[in-house]
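Shown next, in structure tokens, is the structure this report addresses.
Protein chains: 2
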Amino acid sequence: MRDIIRFENIYVNGGSSVVGKTEAKGPLARYFDLCEEDEYFGKDSWEKAESEMTRRTLEKLFAKAHISPEDLDLICGGDLLNQCVASSFGVKEFGVPFLGLYGACSTFAEAVICASMFIKGGGAGRVAVCASSHFCSAEKQYRFPLEYGGQRTPTAQNTVTGCGALLLSGEPSDIRVADAMTGRIVDAGITDANNMGAAMAKAAADTLTRYFESSGMKPSDFDIVATGDLGREGYEICTELLKDSLPGLTDKYTDCGMLIYDLEKQDVHCGGSGCGCSAVVTAAYFLDKLTKGDASNVLLLSTGALMNPNTVLQGQSICGIAHAVHFERGTK
Amino acid sequence: MRDIIRFENIYVNGGSSVVGKTEAKGPLARYFDLCEEDEYFGKDSWEKAESEMTRRTLEKLFAKAHISPEDLDLICGGDLLNQCVASSFGVKEFGVPFLGLYGACSTFAEAVICASMFIKGGGAGRVAVCASSHFCSAEKQYRFPLEYGGQRTPTAQNTVTGCGALLLSGEPSDIRVADAMTGRIVDAGITDANNMGAAMAKAAADTLTRYFESSGMKPSDFDIVATGDLGREGYEICTELLKDSLPGLTDKYTDCGMLIYDLEKQDVHCGGSGCGCSAVVTAAYFLDKLTKGDASNVLLLSTGALMNPNTVLQGQSICGIAHAVHFERGTK
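Chains as they are written, first to last, in numbering that gives the first Met the number 0: chain A, 0 to 331; chain B, 0 to 331.
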């Protein structure tokens, strides 16, 4: 039994998103709740900035949903910083039970799945999910000091500064979490840390294949099928991998990392990446489309690259994982 | 609703544990499945060693339970390495859907709770949970190069080299996951990275207080109440914090970090720590007691310190979190 997980009564009761200045110059700017020009978010380090971004995103979620932290049973969240400190320091003041998750950039979908399972299983009534990344804290941790001004290769991506959050519960709304599928770790043999898209594309294709086999649905049943942050390179690989087995996919298929920036005008190489990428695109853009009825079925595959700088230096390949969540407008 | 989560039909179908040489000299040595003398586990780095330890632990679990990876629906696991690479590289060859978790040293109980929720909610039939830590990879990452030979302060603890795993499903066995409670992040204001016990003790006390309030049970209903890795210092603080509000606790209360080593004879200061600590003590020692009927009710509180070296250097306090799981012998 590794089928899709079907949910009957899990609803999205709200979403919020906070992003940085590069995202504010992208094509989705008007959908975000807050675009912060200061990359420090008023703090004295990028790590604290990311926690503050998470805190503000949840505060915004609570305000939009007219709830207080006391009304929440659980927060599920994660980020890219070592030991997931952006999330834990970002949520601590709320005093809500917390489950820390790490799925690299697949964390947002992983959080939605875990939260939905807790609600379905009676382990929580109302759950907030969140995932974040910050360009500066990620560059510093994974690559080079920003001051170094290192050049990036053509396949590199730009870590999204952003945190996205959703409020989930059993209280009916127009949008529900219809079903989901947890991903497997797939090793495509990629060792180039500047080509995460290629490292994750095979994992995305694996989950997409399993999802459509198990669900009995077709790509044409969806308005949008979106990977999390494959970027242009990974998007093309994923498309190529599935062109024969999933006909019609390309008509519906997009990638959050390509949606969030203008790849022609912004200096972001292959597009956006990071936990925050699929989180803010979902919590802002997809949620808007679902709310307004411009889309009825959205399949999100947040994609993660499982590695750290040590594993790359030690010659290990970068594995990928992709978790799928189906958001549906209208209740069954 | 932040009550305890009650489970009806979640059973423990097996456990396995692999440890290192210091643990093999401790009082619980005979309970572990494998004690590896080579701290590299036959690999060429400590990080790869930790992944190999995780791989062997799961392989042992499968062998003991007479299953193959194909029989599993999900693995829930995590560790202390940056981006949880010990777990992801350790489980990748099995090809099983994977949920990466990060709760610092509370990860083992977090994994048991998540796995139980997935089984209860119909999201998985059979789930393996695992958590690991490795003395050398942890010292290198969190403190000093081992070659430096840094002295440790009296309140310091010794990171357990060990990985513990459990197999959970709805298939009846003598031991079940009876109920659980997710923890909140508690900031006790501790900034000394060599005193994790103190940093986590208040979080353990918080979850214990909430657990007994919500469940209607008393400490005397349990044979063992065990925190994960508070060590002697944290154990004493937790005992002091609860001596008036939870009478009878001290008769039942112990700590995995104090059980795993001989604190008088082994040079481990305040005791064991790390994700692997509560994982191996539970999967080996507590499981043995429950299986043989020497204990009928065990309450495990895996305890985590939420920090990384950067947050400490940036002056942030070390927050704690504790997740509780109640293992019960005999079905209701």
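Heads up, the beta-carbon is just placed ideally off N, CA and C, and yes, glycines get one too. Since the structure is predicted, the reported quantities are computational estimates derived from the model, not experimental observations.
Per DSSP, which one or two residues make a beta bridge with B:GLU327? For B:GLU327, which the question treats as bridged, DSSP gives the partners B:ARG175 and B:ASN296.
Hey, out of B:GLY230, B:MET116, B:THR249 and B:CYS237, whose CA is closest to B:GLY256's CA? If you compare the alpha carbons of B:GLY230, B:MET116, B:THR249 and B:CYS237 with that of B:GLY256, the shortest gap goes to B:GLY230.
Along the chain, where does the beta strand (DSSP E) containing B:GLY196 start, and where does it finish? First-last for B:GLY196: 195-214, but that is the alpha helix (DSSP H), not the beta strand (DSSP E).
Under the three-state DSSP convention, the category A:ASP70 falls into: helix
Using the rule of at least 16 other Cβ atoms within 10 Å of the residue's Cβ for burial, across every protein chain shown, is B:LYS331 buried or exposed? Any reading at B:LYS331 must be qualified, since the residue scores a pLDDT of 45, below 50, and its modelled position is unreliable; the value itself is stated next. Classification of B:LYS331: exposed, given that the 10 Å Cβ count is below 16.
Beta carbons nearer than 9 Å to chain A: which residues of the segment 158-188 of chain B have them? Taking 9 Å as the cut-off between beta carbons, the residues of the segment 158-188 of chain B near chain A are ALA179, MET180, THR181, GLY182, ARG183, ILE184, VAL185 and ASP186, in sequence order.
Check the Cβ of A:ILE100 against every Cβ in chain B and list those closer than 8 Å, keeping chain order. Before going further, note that residue 100 of chain A is Leu rather than Ile in the sequence given. Going along chain B in sequence order, the residues near A:LEU100 (Cβ under 8 Å) are LEU98, GLY99, LEU100 and TYR101.
Quick check on B:VAL11: does DSSP put it in helix, strand or coil? strand
Counting only Cβ pairs nearer than 7 Å, list the residues of chain A close to B:LEU73. THR181
Note the first and the last residue of the continuous alpha helix (DSSP H) segment covering B:ALA64. Per DSSP, the unbroken alpha helix (DSSP H) holding B:ALA64 starts and ends at 45-64.
Could you tell me whether the Cβ of B:SER87 comes closer than 8 Å to any Cβ of chain D? In the structure shown, chain D does not exist; the protein chains are A and B.
Could you tell me whether any Cβ in chain A is nearer than 8 Å to the Cβ of B:MET116? yes
Alpha helix (DSSP H) segment containing B:ASP250, residue limits: 248-251
Of the residues B:GLY124, B:PHE134 and B:VAL279, which one's Cα is nearest the Cα of B:ASP37? B:PHE134
What alpha helix (DSSP H) runs, 4 residues minimum, are completely inside the segment 87-171 of chain A? 106-119 and 134-141
Any Cβ of chain A within less than 8 Å of the Cβ of B:ILE4? yes
Counterpart residues of A:ILE320 in DSSP-defined beta bridges: A:GLY303
Pair every Cβ in the segment 111-125 of chain B with every Cβ in the segment 186-203 of chain B, then say whether three or more of these pairs are closer than 8 Å. no
Using CA coordinates, which residue listed in A:GLY149, A:LEU166 and A:PHE326 is at the minimum distance from A:SER15? A:LEU166
Measure the C-alpha to C-alpha separation of A:PHE6 and A:PRO218 and round it to an integer number of angstroms. Those two C-alpha atoms are separated by around 20 Å.
Buried or exposed by the 16-neighbour rule on C-beta atoms within 10 Å, applied to A:PHE143: exposed
Of the residues B:THR158, B:ALA321 and B:GLY188, which one's Cα is nearest the Cα of B:GLU49? B:THR158
Are at least three pairs of beta-carbons, each pair with one atom in the segment 236-248 of chain A and one in the segment 14-34 of chain B, less than 8 Å apart? no
Would you say A:VAL311 lies against chain B (beta-carbon separation less than 8 Å)? Not one chain B Cβ lies under 8 Å of A:VAL311.
Using only CA atoms, which one of A:SER277, A:ALA321, A:CYS318 and A:ALA304 lies nearest to A:ALA164? A:SER277
Compare the Cα-Cα distances from B:ASN307 to each of A:ALA85, A:ILE66 and A:CYS75 and report the closest residue. A:ALA85
Flag this pair as touching only if the segment 320-329 of chain A and the segment 169-186 of chain A have three or more C-beta atom pairs under 8 Å; answer yes or no. yes
CA-to-CA distance, A:LYS59 to A:ARG29, given in whole angstroms: When rounded, the distance between both Cα atoms is 16 Å.
Name the residue from A:GLY188, A:ALA110 and A:GLY319 whose alpha carbon lies nearest to the alpha carbon of A:GLY77. A:ALA110
Of all Cβ atoms in chain B, is any one closer than 8 Å to the Cβ of A:ARG231? no
Simplified DSSP state of A:SER219, which is helix, strand or coil: helix
With DSSP as the reference, identify every bridge partner of B:VAL185, one or two as the case may be. DSSP output for B:VAL185 lists B:GLY319 as bridge partner(s).
By the criterion of Cβ-Cβ separation under 9 Å, what are the contact partners of A:VAL95 in chain B? By Cβ distance, chain B contributes ARG1, ARG183 and ILE184.
For the alpha helix (DSSP H) containing B:LYS42, name the first residue and the last one. Per DSSP, B:LYS42 belongs to no alpha helix (DSSP H) and is neither H nor E.
Whole-number beta carbon distance between A:SER105 and A:SER301, since they are thought to touch under 8 Å: 4 Å
Tell me whether B:SER244 is buried or exposed, calling it buried when 16 or more other Cβ atoms sit within 10 Å of its Cβ. exposed
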